[in-house]
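Have a look at the structure below before the remarks.
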């Protein structure tokens, strides 16, 4: 099988970079960190590029890499400073804000990273449970239970922030 | 409501609210595609040897201001070990540099992992009888232990991303896992698994006396520590002035501990805690005429520290790795016959286990590089354990695969 070429890499990246940025932004909630995640993911991809000619679904491959870069980086703690304010267990509930969407994002960022990744991939990237499991390297059962736990936590936040009587939806 | 029902609830209000979020980052992209290629090429050259640490993308910072300047031995070692006139009290004598026997008749064996093919080895003991690792059934990954190549009925370590990082010759395993975002250290003396004292912690190594080495606190921010026994409270290992974090990584049978220490916003570099309380910042070897930026220790055996010198070049921002072993008694480095991907694991007979730039598993014996046999047609390997006599090595494959992602197979090599 021929090795993948640089022009193939560039064509792939130009086609995918916006979608990768969006996913990274949903995962980490910060545009600059999102760019760092994508930069690192693409660097990893290019490092392996000549050797992955057997990978048919490069799209899934690179998205898996992206999620792992996000989780690895979180674990290393580089971004803790930025995220600390959002951890709901440690901080008071966020004050009401005119921008409901930023409240939604704060609630999402309040989830632990793996749970957040499950929610983003499952509900915002609309991936089937099986694919979410593959990308996170866990079982389908774990994806389902993490989804359920995450939605419980989000509901608790949303029910306080957006009472149903306001009929927003 | 079952998980399945909840998961499928497309109408869930929480999900609907989530979908109101804008997914387009609010600022223009700063992604530099040419830089991904430039950096990717450099990593291909460095062949992933930088490990995760290189993600920090730090500028070159000399770690050990005021350390003893020691010229590395750039030539092959003299036929006999230099006598040690220094005042060092290290008990272990260096392994002889001459007359290192060459490994012969090496064979590879796939370790059993039940019905599950994906499994790997994370560590081994000095006798070569015990190996620890993980298997990946669909129900969830868990830790396992082998004795003489047979899976043992030992309970798995609780927590996520669990890993036994070391075992001693009595089969006592130590390691760490995550409970949520918090890492805890565990010990398994046999039929049980218990958490080590000290709260948030990681355990990296245990010697045959049962002394455990690791770190207290968060990963990459914690302080080096040791536990005198599995049930003891941890003792923080002293950091040199100006250094704020670190981790112990290996412990010798005489109690010598090697690890890394770091200043704020720098990467770690090698540090020794010697029996009797003396400590030493490892000097920097001279690589290609330049003083190395950092030294990253991988393993400790018989008075030698095995690892890599990191040389950051200001001119072009590149980072180079060179494999060395360091004689604790003589305070001198010896360049290895060939660069090794991490970890470089030394044995008492002077053999060194590592991987080549093409991820092939090799044993170095002096200047001889002996390639270990491949398992089936698998091409990429990670090595994780070498017995004290050098005759038993372990590791796993890391070939990528369409269906499996990374196809890990747990392996043991034996040589004569």
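Residue numbers (full-length UniProt numbering), protein chains in the order written: chain A, 1 to 169; chain B, 1 to 416.
Note that the Cβ used here is the ideal one computed from N, Cα and C, for glycine as well.
Can the beta-carbon of residue 155/A be found closer than 8 Å to that of residue 136/A? The residue given as residue 155/A occupies position 155 in the first chain. The residue given as residue 136/A occupies position 136 in the first chain. Against a cut-off of 8 Å, the Cβ pair of residue 136/A and residue 155/A comes out as no contact.
Counting contacts by CB-CB distance shorter than 8 Å, is residue 44/B in contact with chain A? In the second chain, residue 44/B corresponds to position 44, counting from 1. Yes, contact with chain A.
Quick test of your reading: residue 26/A and residue 124/A, contact by CB under 8 Å. State the CB separation rounded to the nearest angstrom. Residue mapping note: residue 26/A aligns to position 26 of the first chain, counting from 1. Residue mapping note: residue 124/A aligns to position 124 of the first chain, counting from 1. The pair is a contact, with the Cβ atoms about 5 Å apart (cut-off 8 Å).
Please identify, using Cβ separations under 9 Å, the residues of the segment 28-52 of chain A that lie next to chain B, in order along the chain. 30, 31, 32, 34, 35, 36, 38, 39, 40, 41, 42, 43, 44, 45, 46, 47, 48, 49, 50, 51, 52
Check whether chain A comes within 8 Å of residue 139/B, counting only Cβ atoms and requiring the distance to be less than that. Within the second chain, numbered from 1, the residue matching residue 139/B stands at position 139. With 8 Å as the cut-off, residue 139/B counts as an interface residue toward chain A.
Using Cβ-Cβ distances below 8 Å, what residues of the segment 18-29 of chain B are close to chain A? 18, 19, 20, 21, 22, 23, 24, 25, 26, 27, 29
In the DSSP assignment, what residue or residues form a beta bridge with residue 226/B? Taking the second chain and counting its residues from 1, the one referred to as residue 226/B is at position 226. According to DSSP, residue 226/B bridges with 213/B, 235/B.
For residue 184/B, the residue or residues it bridges with in DSSP: Your numbering for residue 184/B matches position 184 in the second chain. According to DSSP, which records beta bridges pairwise, residue 184/B is partnered with 177/B, 200/B.
Are any of the Cβ atoms in chain A nearer than 8 Å to that of residue 343/B? Taking the second chain and counting its residues from 1, one reaches residue 343/B at position 343. Residue 343/B does not count as touching chain A.
Leaving out five residues before and five after residue 189/B in sequence, what residues of the same chain have Cβ atoms less than 7 Å from its Cβ? As a working mapping, residue 189/B is identified with position 189 in the second chain. Once the five neighbours on either side are set aside, the close Cβ partners of residue 189/B are 172, 230.
Chain A contact residues for residue 32/B, given Cβ-Cβ distances below 8 Å: In the second chain, residue 32/B corresponds to position 32, counting from 1. In chain order: 39.
Along the beta strand (DSSP E) that carries residue 257/B, what are the first and last residues, could you check? Along the second chain, one-based indexing puts residue 257/B at 257. Note, residue 257/B: beta strand (DSSP E), 257-262.
With a CB to CB cut of under 6 Å and the five nearest residues on each side skipped, what residues in its chain are close to residue 287/B? What you label residue 287/B is simply residue 287 of the second chain in a count that begins at 1. Counting only Cβ-Cβ distances below 6 Å, and skipping sequence neighbours, we find 309, 311, 322.
Short Cβ contact (8 Å threshold) for residue 385/B with residue 376/B: Residue numbering aside, residue 385/B sits at position 385 when the second chain is read from its first letter. Residue numbering aside, residue 376/B sits at position 376 when the second chain is read from its first letter. Contact flag unset, no.
Residue 32/A bridges to which residues according to DSSP? If you number the first chain from 1, residue 32/A lands on position 32. In DSSP, residue 32/A forms no bridge with anything.
So, is residue 128/B buried or exposed, given that buried needs 16 or more other C-beta atoms within 10 angstroms? Along the second chain, read from residue 1 onward, the residue named residue 128/B stands at position 128. Classification for residue 128/B: buried.
Check whether chain A comes within 8 Å of residue 36/B, counting only Cβ atoms and requiring the distance to be less than that. The residue you call residue 36/B lines up with position 36 of the second chain. Closer than 8 Å to some Cβ of chain A, the Cβ of residue 36/B qualifies, so yes.
Same chain, Cβ closer than 6 Å to residue 305/B, five either side skipped, listed in chain order: For the purposes of this step, residue 305/B is identified with residue 305 of the second chain, where counting begins at 1. The answer, listed in chain order, is 258, 297, 326.
Closer than 9 Å, Cβ to any Cβ of chain B: which residues of the segment 133-144 of chain A, in chain order? 133, 134, 137, 138, 139, 140, 141, 142, 143, 144
Would you mind reading off the limits of the alpha helix (DSSP H) that contains residue 410/B? By one-based count along the second chain, residue 410/B stands at place 410. Not the alpha helix (DSSP H): residue 410/B falls in the beta strand (DSSP E), residues 410-414.
Verify whether the separation of the beta carbon atoms of residue 412/B and residue 111/B is less than 8 Å. Counting from 1 along the second chain, the entry for residue 412/B is found at position 412. Counting from 1 along the second chain, the entry for residue 111/B is found at position 111. Yes.
Roughly how many angstroms separate the alpha carbons of residue 105/A and residue 29/B, rounded to a whole number? Numbered from its first residue, the first chain carries residue 105/A at position 105. Numbered from its first residue, the second chain carries residue 29/B at position 29. Approximately 20 Å, taken between the alpha carbons.
Under 8 Å between C-beta atoms, does residue 217/B make it to chain A? Mapped onto the second chain, residue 217/B falls at position 217. No - not a single Cβ of chain A is within 8 Å of the one on residue 217/B.
Helix, strand or coil: how does DSSP classify residue 152/B here? Here residue 152/B is taken as the residue at index 152 of the second chain, counted from 1. Note: residue 152/B maps to coil in three-state DSSP.
On the three-state DSSP scale, how would you describe residue 135/B? The sequence position of residue 135/B within the second chain is 135, counting from 1. Strand.
With distances taken Cα to Cα, identify the nearest neighbour of residue 30/A among 25/B, 33/B, 32/B. Residue 30/A sits at position 30 when you count from the first residue of the first chain. With distances taken between Cα atoms, residue 30/A lies closest to 25/B.
Same chain, Cβ closer than 7 Å to residue 159/A, five either side skipped, listed in chain order: Translated into the one-based positions of the first chain, residue 159/A becomes position 159. For residue 159/A, where only same-chain residues beyond five positions count, there are no Cβ hits under 7 Å.
If the cut-off is 8 Å on Cβ atoms, which residues from the segment 189-200 of chain B count as contacting chain D, listed in chain order? Going by chain labels, chain D is absent from the structure shown, which instead holds the protein chains A and B.
Range of the contiguous beta strand (DSSP E) that encloses residue 342/B: Counting from one through the second chain, the residue named residue 342/B turns up at place 342. First-last of the beta strand (DSSP E) with residue 342/B: 341-346.
Does the beta carbon of residue 62/A come closer than 8 Å to any beta carbon on chain B? Residue 62/A sits at position 62 when you count from the first residue of the first chain. For residue 62/A, the answer is no, since every Cβ of chain B falls outside 8 Å of its Cβ.
DSSP beta-bridge partners of residue 361/B: What you label residue 361/B is simply residue 361 of the second chain in a count that begins at 1. Paired residues: 355/B.
Expressed to the nearest angstrom, what Euclidean distance is found between the alpha-carbon atoms of residue 400/B and residue 407/B? Working through the second chain from its first residue, we reach residue 400/B at position 400. Working through the second chain from its first residue, we reach residue 407/B at position 407. Rounded to whole angstroms, residue 400/B to residue 407/B spans 6 Å at the Cα level.
I'd like the list of long-range same chain contacts for residue 122/B, defined as Cβ closer than 7 Å, with 5 residues on each side in sequence excluded. The sequence position of residue 122/B within the second chain is 122, counting from 1. Within the same chain, residue 122/B has close Cβ partners 132, 133, 134, 163, 164, 165, 384.
Could you tell me whether the Cβ of residue 105/A comes closer than 8 Å to any Cβ of chain B? Here residue 105/A is taken as the residue at index 105 of the first chain, counted from 1. Yes, residue 105/A counts as interfacial toward chain B.
Would the C-beta of residue 150/A count as close to the ligand FAD, meaning under 7 Å from any of its heavy atoms? In terms of ligand content, the structure shown is empty, and the ligand FAD therefore cannot be addressed.
Look at the Cβ atom of residue 178/B, then the Cβ atom of residue 159/B, and state whether they are nearer than 8 Å. Here residue 178/B refers to the residue found at position 178 when the second chain is read from its first residue. Here residue 159/B refers to the residue found at position 159 when the second chain is read from its first residue. Taking 8 Å as the Cβ cut-off, residue 178/B and residue 159/B qualify as a contacting pair.
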